[in-house]
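The structure appears below as structure tokens.
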Amino acid sequence: MSYMMGSPDVIAALQNPTPDSLAAFAGATDDGAQENMQLLRGQLGMVQAMPRPLQIPIHYETAARYLPVIVARFRQSDGPYGPAMVMLNTILYTPYFVRFSRLPELRDLPQVQLTRMANNIDQMNASTSADEIGEIGQFLSTLLALLGGEGINQSDVDKLKPQFKTWERRFPGRLAGNVGDRCMMMLSNNREAQMMGMGMRQQLGSSLEECGGPGCSRKTREGGSELLQCARCKIAVYCCSEHQRADWKMHKQVCFKSSF
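Numbering (the working numbering), first residue to last: 1074 to 1333.
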């Protein structure tokens, strides 16, 4: 669907957010022609206001269907903050992203965001709000936790170190002021950072590694063979077909055909 400013389609979309409309406003359809930060933020705000059981399927389906295109759009963009980044930051927690992040070609995403931040410090200080700065840093720290800091350019880190301190003084008690410490810890790649990253990957990716059957957390089938994978979404695994059937009532709410 094409969303034209001021058209009935836009009004309907804002009143009824869908994965298609979120992807369109994030620039992930029609060669980015419908990219619109204002409409994306409006839609995401409406989703956030929904009860959690209604939020999750929207986030999961958006990730399942559009992740490769959203990541491609993020790579095509320039600055550290934009519609594709905002959409990615929203769906990073999904098992779909965790599975997608295991592809080798995604290992450089932390460096991409780090370089954009280092090269746009003056712009961020001049025209970026505290909430946006917090979101920018949160996105970087989560990418580092999930993907690691392999190949990080130390000169970019050195540029941002004093800026993180500036934001800490400028935005006390806010995410923008706290996110610098989180980023620097993940960039240090010390044992604490490694443990935090491992814990986050295990928590967000547990459905990829452990049987989703009620009360079961097996990591292999009887005899040690690999768990059965849901052929449709590829984010759920089971030690037997009985457990897969038993979990279907819950799993079907987040089971969407994966595009990758």
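Here a beta-carbon is modelled for each residue, glycine too, at the ideal position from N, C-alpha and C.
Keep in mind it's a predicted model, so treat the numbers as computed, not measured.
When the five nearest sequence neighbours on each side are left out, the beta carbons in the same chain lying within less than 6 Å of the beta carbon of Q1317 are those of Y1311, in order along the chain. Boundaries of the alpha helix (DSSP H) harbouring D1093: P1092 to F1098, taken from the DSSP string.
In the structure shown, C1284 adopts extended strand secondary structure according to DSSP, grouped into three states. Closest in alpha carbon position to G1221, among E1208, L1176 and T1167, is L1176. Taking a contact to require three or more Cβ pairs closer than 8 Å, the region 1192-1202 and the region 1152-1163 qualify as touching. Under the 10 Å beta carbon count, T1135 is surrounded by 16 or more other beta carbons and is classified as buried.
DSSP places T1215 inside the alpha helix (DSSP H), whose first and last residues are A1203 to L1220. Membership of K1238 in the alpha helix (DSSP H) is indicated by the continuous run Q1227 to R1243.
Residue nearest to S1280 within the set M1271, R1291 and D1229 is R1291 (criterion: CA-CA distance). Taking a C-beta distance under 8 Å as the contact criterion, F1098 and Q1116 qualify as a contact pair. Straight-line spacing of the CA atoms in Q1107 and N1198 works out to 28 Å.
Setting aside the 5 residues that flank it on each side, R1274 is surrounded in the same chain by V1171, A1218 and L1219, each with a C-beta closer than 8 Å to its C-beta; the list follows chain order.
Under the 10 Å beta carbon count, F1212 is surrounded by 16 or more other beta carbons and is classified as buried.
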